[in-house]
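Residue numbers (my numbering): 7 to 468. The C-beta atom is built at its ideal place from N, Cα and C for all residues, glycine as well. Everything below concerns the one structure shown next.
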C-alpha cells in the first residue's frame with residue numbers, strides 16, 4: 007500500500023516544518039486543519055478494522071481475540087481496542103452475506119466523521135444516545151434521529167450536542183417507558199482498578215429485580231448498629247441494641263458497604279456456592295511467612311486484589327490454613343498437609359507460584375485460570391506440580407493451534423508461539439501482570455518467574 011508511505015513522508019515533512027514564524031491566529035488555523043486531518047485518518051482506520059476481523063481468526067494473528075490482536079499490534083489498551091471494534095461496527099461499511107457492500111449502521115455520522123467534521127467525542131455521544139433509545143422506537147424514527155444528530159454534531163461542539171441528544175431522547179420517549187429488553191441491555195456492574203490506597207471504584211445499573219433484592223438485604227444489614235466493624239463484636243444476626251444503634255456514626259453509604267461485605271462473607275462461609283476449578287469457592291491469599299510474622303506488608307488474592315496484612319490476619323482468624331514452602335527459584339518444596347498432594351492442593355500451590363496466567367502480557371488472575379499440563383496428559387505427562395502451570399482459557403486454547411510450553415529449572419514457564427513472520431512474539435511489549443517479573447528469552451519470548459522463598463497460603467471462607 008504505497009499511499010501509507012506517502013502519508014508517512016508527509017507527516018515527517020509536517021513535523022519538521024518551522025512554526026516559529028506563525029502568529030497565534032495562524033497557529034489556530036493550522037491546528038484546526040490538523041484536527042480535521044486526524045479525524046479523517048481515524049475514520050479511515052476504522053474502515054480497516056473489519057478487514058482484520060473478517061479475513062483472519064485471532065489465533066492466526068497471534069492473539070486470543072481481535073481486541074487482543076489490535077491491543078498488542080497498535081500498542082493500545084484492550085479497552086481502547088474494544089471501543090475501536092465497536093465504533094467500526096457502527097461507522098464502517100458492511101457486507102451482506104452475498105458480498106454486497108452495505109451502508110454503515112450510522113451512515114450520516116460515518117460520513118461526517120470521514121469528512122473530519124466531527125470527532126471521537128461526537129461519535130461517543132451519538133452511540134450513547136442509541137444505546138439508551140428504547141427498542142420500541144421504529145426504524146424510520148431512528149433513521150431520522152441519526153440524520154439530525156449528525157447534522158447537529160457537525161455544527162456544534164460535544165457539550166451542545168449532548169444537550170440536544172438529551173432533548174431528543176425526551177421527545178422520543180416522553181414517558182420514560184422501557185421494556186425488559188431495554189433494561190437487560192443496559193444492566194451491569196463494573197469494578198475499577200484498585201487505587202494506591204487499596205480502594206476500588208464501583209459503578210453500574212441494577213435492574214428492578216436486583217434492586218429489590220438489594221433493598222431487602224440493606225433493610226436488615228445496613229440498619230444503624232448492624233455489621234459495624236467498629237464494634238468489638240459486630241451484630242450480624244438479630245437486632246442491635248439501642249446503644250449500638252445510637253453510637254453508630256457511619257454514613258448511609260458506609261453502612262451499605264459494610265452490609266454488602268457481611269452478606270458476601272456469609273455467602274462464602276455457607277459453602278452454598280460449591281466449587282470452582284476444583285476448589286471450594288473461597289478467598290485464596292498469597293503472602294510470605296515473614297510478612298505474616300511481622301503483620302506488615304501486602305498480600306495478593308487469587309483475583310489479583312492487594313490486601314493489607316492486617317486484613318489478611320483478620321480474615322484468616324477462622325480459616326483453614328495451608329503452608330507452601332518454595333526454594334530460591336520459586337519451586338514448591340512442601341505443602342503442609344498430612345496427606346498426599348491432591349488436585350485442590352496443587353491449585354493452591356499454583357496460586358502462590360504463578361498468581362495468574364503465565365502467558366506473557368496476560369493479567370488474568372488465578373481464580374479465572376485453568377491448570378495446564380506442560381507435558382500433555384495424553385502424552386504421558388504426570389499431574390504433578392512441576393508439570394503444571396496456570397493458563398487462562400483463551401491462552402489455553404492457543405495450545406491447540408501450534409503454541410507450546412516448557413518449564414525451566416528456575417520454575418519459569420515459557421510460551422513458544424508457532425512461526426509467524428508478520429506478527430511475532432518478539433514484537434509484543436514485555437509487560438505482565440500479577441506483580442511478577444517477565445524475563446525475555448534469547449528468542450524474544452517472554453517467560454514469567456514467580457517470586458520465590460516461603461509463602462503461606464490461606465483459604466479464607468469468611
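CA-to-CA distance, residue j to residue i, given in whole angstroms
i, j, result
"residue 155", "residue 54", "25 Å"
"residue 234", "residue 264", "7 Å"
"residue 121", "residue 400", "39 Å"
"residue 442", "residue 143", "Reliability fails at residue 442, whose pLDDT of 43 lies under 50, so the model's placement of it is uncertain and the value that follows must be treated cautiously. Rounded to the nearest angstrom, the two C-alpha atoms are 51 Å apart."
"residue 170", "residue 130", "14 Å"
"residue 259", "residue 137", "29 Å"
"residue 415", "residue 365", "17 Å"
"residue 206", "residue 197", "7 Å"
"residue 92", "residue 203", "33 Å"
"residue 430", "residue 75", "The predicted position of residue 430 is uncertain, since its pLDDT is 43 and thus under 50; no value can be drawn from it."
"residue 340", "residue 417", "Low per-residue confidence applies at residue 340: pLDDT is 44, beneath 50, and the placement is therefore not dependable enough to give any value."
"residue 199", "residue 102", "40 Å"
"residue 69", "residue 112", "29 Å"
"residue 305", "residue 315", "6 Å"
"residue 17", "residue 63", "32 Å"
"residue 363", "residue 266", "29 Å"
"residue 147", "residue 228", "45 Å"
"residue 104", "residue 59", "18 Å"
"residue 398", "residue 271", "26 Å"
"residue 321", "residue 312", "14 Å"
"residue 126", "residue 223", "41 Å"
"residue 382", "residue 413", "13 Å"
"residue 65", "residue 83", "19 Å"
"residue 187", "residue 294", "49 Å"
"residue 27", "residue 21", "15 Å"
"residue 247", "residue 268", "18 Å"
Of the listed residues the options, nearest to residue i (C-alpha basis)
i, options, result
"residue 469", "278, 274, 185, 63", "Nothing about residue 469 can be reported from this structure: the residues present for the chain run from 7 to 468 only."
"residue 404", "67, 393, 170, 47", "67"
"residue 356", "59, 292, 38", "292"
"residue 372", "382, 353, 381", "353"
"residue 183", "141, 221, 208, 209", "141"
"residue 176", "425, 320, 135", "135"
"residue 226", "256, 239, 238, 244", "244"
"residue 236", "221, 253, 28", "253"
"residue 52", "268, 117, 276, 220", "117"
"residue 189", "174, 210, 173, 44", "210"
C-beta atoms of residue i and residue j nearer than 9 Å
i, j, result
"residue 375", "residue 283", "yes"
"residue 151", "residue 124", "no"
"residue 280", "residue 251", "no"
"residue 419", "residue 411", "yes"
"residue 164", "residue 128", "yes"
"residue 361", "residue 303", "no"
"residue 119", "residue 38", "no"
"residue 87", "residue 98", "no"
"residue 153", "residue 114", "yes"
"residue 402", "residue 367", "no"
"residue 212", "residue 178", "no"
"residue 25", "residue 36", "yes"
"residue 319", "residue 296", "no"
"residue 370", "residue 380", "no"
Residues sharing a beta bridge with residue i, DSSP
i, result
"residue 178", "For residue 178, which the question treats as bridged, DSSP gives no partner whatsoever."
"residue 108", "100"
"residue 210", "195"
"residue 475", "Lying before the first or after the last residue shown, residue 475 is absent from the chain, which here runs from 7 to 468."
"residue 397", "376"
"residue 222", "Partner(s): none; residue 222 has no beta bridge."
"residue 252", "DSSP lists no partner for residue 252."
"residue 312", "306"
"residue 281", "286"
"residue 362", "371"
"residue 412", "420"
Distance cut-off 8 Å: residue i Cβ against heavy atoms of the ligand COA
i, result
"residue 73", "Absence of the ligand COA from the depicted structure is noted, as is the absence of any ligand whatsoever, leaving it without description."
Quiz item: Does the stretch 187-201 come within contact of the stretch 213-225, defined as at least 3 CB pairs closer than 8 Å?
Solution: yes
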